[in-house]
């Protein structure tokens, strides 16, 4: 019986990573939709700058959605692809009817805190599985998002 997949990773550890990555994928999808909603619904004095910033953020999130799904496929898993599945497994809640800039930014900051924690867990799990591809992806995301959190917090203060 073959205990490794086609890229040489332990099948059992890879499938455990697939589960974690699907939860991350779901959480990214909700964070993406939240940012998209903030972009559409923002009002007030900072409309122009926040409207653009939310667009930048949701484009970054959408890029990662695709990368995570492709990573799941690479390690021979199946990415979730129904919104009902995303809602069920996301660790980030939907945000509705937010048009205030500070509320929207605080919501995004809360979401990034969740994503970063999940990515740190997956980074550790990937290290244990000797899955450098997943580990590198998580490391890149963490670095980028830690800087974004700092910048969003600086903007709020």
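Numbering (our numbering), first residue to last: 204 to 360.
Ideal Cβ positions, reconstructed from N, Cα and C, are used throughout, including at glycine.
Taking C-beta separations shorter than 8 Å and ignoring five residues to either side along the sequence, the partners of residue 226 in its chain run 292, 293, 294, 321, following chain order. Leaving aside the five residues that flank residue 239 on each side, the residues in its chain whose CB is nearer than 7 Å to its CB run, in chain order, 261.
In the DSSP assignment, residue 336 falls within the unbroken alpha helix (DSSP H) covering 335–359.
Our two residues, residue 342 and residue 256, have alpha carbons roughly 23 Å apart in a direct line. CA-CA distance, residue 223 to residue 243, rounds to 30 Å.
The three-state reading of DSSP puts residue 303 in coil, since its state is none of H, G, I, E or B. By the Cβ-count criterion, residue 285 is exposed, with fewer than 16 other Cβ atoms from all chains shown falling within 10 Å of its own Cβ. In this structure residue 358 does not touch residue 311 by the C-beta definition: roughly 11 Å separates them, more than the 8 Å allowed.
Shown here, residue 226 sits in a helix according to DSSP, grouped into three states. For residue 208, the CB contacts under 8 Å within the same chain, skipping 5 residues up- and downstream, are 214, 217, 278, 279 in chain order.
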